[in-house]
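Student: Below are the structure tokens for one structure; questions will follow.
Chains as they are written, first to last, in this note's numbering: chain S, 92 to 498; chain D, 92 to 498.
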């Protein structure tokens, strides 16, 4: 099940990057040659880099290594090596050893120093990491390096994702055109779960590493963290942004606002693709929160609604259950005045000033909720801040996937 | 579906209290005479009283009135009037008017002053409150007042509960025997939902109202709030404790510790009954958290595990998925050292010091998780504090109940 999957246009090559993939049989030797499960993203020059990681206290070795690497070398990163099929997590002291070997394999294949290589692993946890199969296969990825390798890489990092996810954008700043291309994988329903959320974005726009980091955190809060409702992230969740700055000769961007807008749009698109491909999801619902005292408040309310099992089952049942939505708002833990709240389903006004709207008819709300895609708008009447959160419904298929199969 | 419902012994009469019920047809006039839906609990003397209420920002009028009444009259409360079938919630300015009329109806029938009467309403929200039918029926409840009315009252406050819930205890303090009797209703699965959690406990032990309030808050945190995982409470949730102090002649209890132990045990029993009767619940799981730096930390970790959809579906699927449990711990938002965590399923040691235990065999864990009732123990290795949380699994039946029927 997946909701309104768009036809994706081919991803754009990004000056300064080449990408290769390989089939290593990471999950099982029987899969070797059958599906790609290793991606190598190589910068032709030293790249500026930023990363945003899981907030889970159990952090896999690739996350710990990546954070340490960025702390030292965020302006000279040369490659990312990523595998699907095994998360190299829940393995105690061996994790770090294997993560290091993965990085060294990527460095050797890309002919760069190991201390400027980032890594990411996704897949089963608690199973010994088959580093030998990756060491054998990585040269296939290096041999395949190509500026047009993004789509193959988006496929190689899939686990339970039913389709590959990517997005590209171009932005014109001061007469120069810059490219952004990102790939991502899901796929929990409620939030990126043990299956891990990964996202890698590359650009040729010249931006200082310190600026990139601040920007990426802000962008993640408005995109991937708006589907990662309730912060329930996995051990391996990672978002990397690399800038080759290769369109250069000219100076770093003085004004990065246009770039950030483009990056935000691209990350929102990737995040939405993850929701559309969420486990058991049959509806794609946008929660728009307006009139909040702060953006943080708005996001908190949006997430509280998006994560409520009672709200999500109401979505599944096409039940315009305004009571459950308001109760979720009341439980968000932020200051609200219940007499100022306005609630709409698409254009249908349901609740206003603490009362059901007199013109509201149940069948109008039901009509909206019966659609595969709709928007719930909540105005809190407390200020000017806004936030948008995207979520799916909670269905029998979700229970089947998560209760009847081991992930 | 309900898990291991115990045979409940008859509730004990509490000196100083009489209880009556009536059938008013609150939900629908067609139900009048068919099922009891109004309960009147009357103190023969002025009672000391305490209350704990929903933390939802949408609070029904009965909650707002009850809080105000306790602020003024916590040492002279004379009655509680409670109805099922209509929550008198989501109704704007009419709520307060109807709540007042409900209180006045109870006061008149019990022949006490309205300003010392508490009320509680549970049932559908957003439907006009049928105060006339209660005004007509309340005298039936007054005429039925009897010291042995607790079981009838436990039945009268039911909504979707599949069985009536009560518990009694006796405690001997300084040569005097005191009685406690409580009734409660559920019944969401994850947490008391819009269907409302209500609990009323009465005792003849003489305790100051100010002490009662502090004690009830602490007891609620260790009982009802340990099933109300994630604090996602409804608009009407209420727990009242009334003390008639009628066994008197002798002075207020100097040492209330034994009493608090008995009250805690009674409230835990009621809370567990609510979980066992939770929507779609097929398993009853106890989450024991030990070795925490503080009781608050322990409870936070227990709730994080208890509320995780991935953990709850693993319970449903009899999948001993330690990875999901540890991930939920990592997401609890408190300081932990992942290398110090120990995880057991009943007596089976699964995880220790950051690694799967070498002797752990998957089939042993699966054997535990296949039972209708088991305990997950998490030792955090950070201190001496503990907490226990009770939860159910997340099943297809829950989806069916909440997606296919409107509550």
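Built from N, CA and C at the ideal position, the CB exists for glycine as well. Keep in mind that this is a model prediction, so the values were computed, not measured.
Hey, which unbroken runs of the beta strand (DSSP E) at 3 residues or more fall wholly within the region 307-392 of chain S?
Tutor: The qualifying runs are 329-334 and 375-383.
Student: Determine the DSSP secondary structure at residue 418 (chain D), reduced to helix, strand or coil.
Tutor: Residue 418 (chain D) falls in the helix class under three-state DSSP.
Student: Given 8 Å as the limit, is there contact between the region 92-105 of chain S and the region 250-259 of chain S, that is, 3 or more CB pairs closer than that?
Tutor: Short answer: they touch.
Student: On the criterion of 16 or more Cβ atoms from any shown chain inside 10 Å, does residue 400 (chain S) qualify as buried, or is it exposed?
Tutor: Answer is buried; the Cβ neighbour count reaches 16.
Student: Return the chain-ordered ranges of every beta strand (DSSP E) run that is complete within the region 191-265 of chain S and spans a minimum of 3 residues.
Tutor: Fully enclosed beta strand (DSSP E) runs of 3 or longer: 208-215 and 256-264.
Student: Can you tell which of S:326, S:315, S:307 and S:316 has the C-alpha that lies nearest to the C-alpha of residue 41 (chain S)?
Tutor: Residue 41 (chain S) falls outside the range modelled here, since chain S spans only 92 to 498, and no answer is possible.
Student: Pick helix, strand or coil for residue 100 (chain S), following the three-state DSSP scheme.
Tutor: In this structure, residue 100 (chain S) counts as coil in the three-state DSSP scheme.
Student: Since residue 145 (chain S) and residue 130 (chain S) should fall inside the 8 Å C-beta cutoff, what is the C-beta to C-beta distance between them, to a whole number of angstroms?
Tutor: Rounded, the Cβ-Cβ distance is 19 Å, inconsistent with contact.
Student: Beta carbons nearer than 7 Å to chain S: which residues of the region 461-484 of chain D have them?
Tutor: Flagged: no residues at all.
Student: With distance defined between alpha-carbon atoms, name the residue in D:306, D:463 and D:197 nearest to residue 330 (chain D).
Tutor: Checked all of D:306, D:463 and D:197; the closest Cα to residue 330 (chain D) is D:306.
Student: List, in order along the chain, the chain D residues whose C-beta lies closer than 9 Å to that of residue 447 (chain S)?
Tutor: Within chain D, the residues near residue 447 (chain S) are 181, 182, 183 and 217.
Student: CB residue 483 (chain S) to CB residue 411 (chain S), shorter than 8 Å?
Tutor: For residue 483 (chain S) and residue 411 (chain S), no; Cβs fall outside 8 Å.
Student: Let me check understanding here. Comparing Cα to Cα, which of S:490, S:311, S:239 and S:298 lies closest to residue 290 (chain S)?
Tutor: Nearest of S:490, S:311, S:239 and S:298 to residue 290 (chain S), Cα basis: S:311.
Student: Less than 6 Å between C-beta atoms, sequence neighbours within five positions excluded: which residues of the same chain meet that for residue 142 (chain D)?
Tutor: Once the five neighbours on either side are set aside, the close Cβ partners of residue 142 (chain D) are 157, 161 and 331.
Student: For residue 252 (chain S), which of S:493, S:368, S:392 and S:163 has the nearest alpha-carbon?
Tutor: The shortest Cα separation from residue 252 (chain S) among S:493, S:368, S:392 and S:163 belongs to S:368.
Student: Give, in chain order, every residue of the region 416-447 of chain D whose Cβ lies closer than 7 Å to some Cβ of chain S.
Tutor: Flagged, chain order: 417, 418, 421, 422, 427, 429, 445, 446 and 447.
Student: Checking contacts by CB at 8 Å: is residue 149 (chain D) closer than that to chain S?
Tutor: With 8 Å as the cut-off, residue 149 (chain D) counts as an interface residue toward chain S.
Student: What residues from chain S crowd round residue 414 (chain D), counting only those whose CB sits closer than 7 Å?
Tutor: In chain order: 181, 216, 217 and 285.
Student: Just curious, the beta strand (DSSP E) that residue 431 (chain S) is in, first and last residue?
Tutor: It is not in any beta strand (DSSP E) - residue 431 (chain S) carries neither H nor E in the DSSP assignment.
Student: From the DSSP output, which residues share a beta bridge with residue 465 (chain S)?
Tutor: Answer is S:376.
Student: One question on the structure: do residue 94 (chain D) and residue 293 (chain D) come within less than 8 Å of each other, judged by their Cβ atoms?
Tutor: The answer is no: Cβ separation not under 8 Å.
Student: Less than 8 Å separating the beta-carbons of residue 416 (chain S) and residue 402 (chain S)?
Tutor: Yes, they are a contact pair.
Student: With a threshold of 8 Å between beta-carbons, can residue 281 (chain S) be considered close to chain D, or not?
Tutor: Because residue 281 (chain S) sits at a pLDDT of 41, beneath the cut-off of 50, its placement in the model cannot be relied upon, and the following sentence gives the value as read from the coordinates. Answer yes: the Cβ-Cβ gap between residue 281 (chain S) and chain D drops below 8 Å somewhere.
Student: Residue 282 (chain D) to residue 163 (chain S), Cα distance in whole Å?
Tutor: A caution first: residue 282 (chain D) carries a pLDDT of 44, below 50, which makes its placement in the model unreliable, though a value can still be read off. Straight-line Cα distance between these residues: approximately 46 Å.
Student: Determine, using beta carbons only, whether residue 471 (chain D) and residue 380 (chain D) come nearer to each other than 8 Å.
Tutor: It is a contact, given that the beta carbons lie within the stated cut-off.
Student: Could you pull out every residue in the same chain whose Cβ sits closer than 7 Å to the Cβ of residue 299 (chain S), ignoring the five residues on either side in sequence?
Tutor: So the list reads 139 and 343, once near-sequence residues are dropped.
Student: Since residue 324 (chain S) meets chain D, which of its residues come closer than 9 Å, beta carbon to beta carbon?
Tutor: Result: 418, 421 and 422.
Student: Roughly how many angstroms lie between the CA atoms of residue 462 (chain D) and residue 150 (chain S), to the nearest whole one?
Tutor: Cα to Cα, the separation comes out at about 31 Å.
Student: Show which residues of chain S have a CB atom less than 9 Å away from the CB atom of residue 487 (chain D).
Tutor: Simply 487, 490, 491 and 494.
Student: Classify residue 444 (chain S) as buried or exposed, calling it buried when 16 or more other Cβ atoms lie within 10 Å of its own Cβ.
Tutor: The residue in question, residue 444 (chain S), is exposed, as its Cβ has fewer than 16 Cβ neighbours within 10 Å.
Student: Taking all protein chains shown into account, do 16 or more other C-beta atoms lie within 10 angstroms of the C-beta of residue 136 (chain S), making it buried, or fewer, making it exposed?
Tutor: Flag for residue 136 (chain S) reads exposed.
Student: Unbroken beta strand (DSSP E) runs of length 3 or more, entirely within the region 133-196 of chain D: which are they?
Tutor: Here the runs fully enclosed are 168-177.
Student: Considering only DSSP beta bridges, list what residue 276 (chain D) is partnered with.
Tutor: Looking at the DSSP assignment, residue 276 (chain D) forms a beta bridge with D:289.
Student: For residue 118 (chain D), which residues in the same chain have their Cβ closer than 8 Å to its Cβ, ignoring the five residues on either side in sequence?
Tutor: Same-chain partners within the cutoff: 128, 175, 176, 177, 214 and 215.
Student: Got a sec? Which residues, its chain only, sit under 7 Å from residue 284 (chain S) by beta carbon, not counting five neighbours each side?
Tutor: Low local confidence applies: a pLDDT of 43 at residue 284 (chain S) is under 50, so the model's placement there is unreliable, and no value is given.
Student: Please state whether DSSP places residue 441 (chain D) in a helix, a strand or coil.
Tutor: Strand, per DSSP.
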